[in-house]
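Here's the structure, in structure tokens; my notes come after.
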Amino acid sequence: MKFFLSKKKLLCILLKNVYLKSILSGNFYYDVKKLRLIQPNDIEKYGIDILLYGSDEIWNLDNSYFNDELFWGSKQQTVKKIAYAISIGAMSEDTIAKNQEICSSIKDFQEILVRDKRTYEFVHKQIGKESQFVCDPTILAPLNKYIVNCSTPKEPYLLVYTYGVDKPLENRIVHFARENNLKIVSPCFWHLWADCVVECSALEFSGLVANANYVFTSTFHGTIFALLNHKQCCIFPYREKVTDVVARLGETQRLINADCSSKDFEKIMNIPFDTRQFEERIIRIREKSMAL
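In my numbering, each number is its position in the sequence shown, counted from 1, plus 21.
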């Protein structure tokens, strides 16, 4: 069965997406203004002693945002380099093979601290070095460091943070929301099945999660902030890195698969959150990473 949207409907969606992206860009540049930025060519001029690379998947050459030698430090030979919580994401073996010169340049790093198993294996294969595992920087700081005032819906809501899901899983999400009288709120991503799409900056995101009644996410950082905020949630691991971080945070009982039933979806969503046990685990993870 095929579904068609009218030209008017398509134009409306397009304009809303353009508007949302313009707002998000504004929020991004507002946050960036809080940082002091310098050009790569000025590193020696400012007497920089150490370059810290990371985090996220800046070593994923399949990601167009990071397909740049800048993130590999290959042109910075005079300054000490450290990679923290670095990740290659889902970079393919074919891409690695075609970019051996760039990939092997990590041998010039004084220290490489990884955030996931796949990156650990990549580093070991490239330079024969055993890497230490560390947590993502969003876990390093206590949650109150991310509290920034933001407007949140007044009605009870299910926060959905995902790039997109297939129709069966979409139906499970909508069914759960309707059965529990929840609005479906999507931050930053436009989904036709969401009741409302809200724009927020990276620093406002945690507040939006904190005020949600439930959370569904398929993303790495959506997962982290759902768990840091002790939310009852369903996590669909769209990428291996999501499964990895859920396992490291000890919350694998919240993972679902693409074909889960409505009954299983609701059962997992309503698993109580053991805040004390989780926080004890987070403190150990945080202290270990800080010690390195």
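Every residue gets a Cβ at the ideal spot worked out from N, C-alpha and C, and that includes glycine.
In the DSSP assignment, Tyr-141 falls within the unbroken alpha helix (DSSP H) covering 138–148. Here His-196 has Ser-283 as same chain residues with Cβ atoms under 6 Å from its own Cβ, once five neighbours each way along the sequence are excluded. DSSP, reduced to helix, strand and coil, places Leu-180 within a strand of the structure shown. In this structure Arg-136 touches Ser-76 by the C-beta definition: roughly 6 Å separates them, less than 8 Å.
Ile-133 is bridged by DSSP to Ala-104. Under DSSP, Thr-238 shares a beta bridge with Tyr-182 and Ile-256.
By the C-beta criterion, the region 268–287 is judged not to be in contact with the region 107–124, since fewer than 3 inter-stretch pairs fall below 8 Å. With contacts defined by Cβ atoms closer than 8 Å, Ala-111 and Asp-83 form a contacting pair. With a cutoff of 8 Å on beta-carbon distance, Ile-64 and Trp-93 are scored as not near each other.
Listed in chain order, the non-local C-beta contacts of Ile-59 below 7 Å within the same chain comprise Tyr-67, local neighbours out to five positions each way being set aside.
Around Ser-125, the same chain offers Gln-147 and Ile-148 as residues with beta carbons nearer than 8 Å, after the five sequence neighbours per side are excluded.
For Leu-161, the enclosing alpha helix (DSSP H) begins and ends at 158–161. Straight through space, the alpha carbons of Pro-189 and Pro-61 are spaced by roughly 47 Å. Scanning its chain for C-beta atoms nearer than 8 Å, with the 5 sequence neighbours on each side dropped, one finds around Phe-294 the residues His-251, Lys-252 and Gln-253, in chain order.
With 16 or more other Cβ atoms from the protein chains shown falling within 10 Å of its own Cβ, Tyr-167 counts as buried.
The Cβ atoms of Val-169 and Gly-228 sit closer than 8 Å to each other. When secondary structure is reduced to three states using DSSP, Ile-292 falls in the coil class, being assigned neither helix nor strand. Cα atoms of Ser-95 and Lys-309: separation of roughly 29 Å, rounded to the nearest angstrom.
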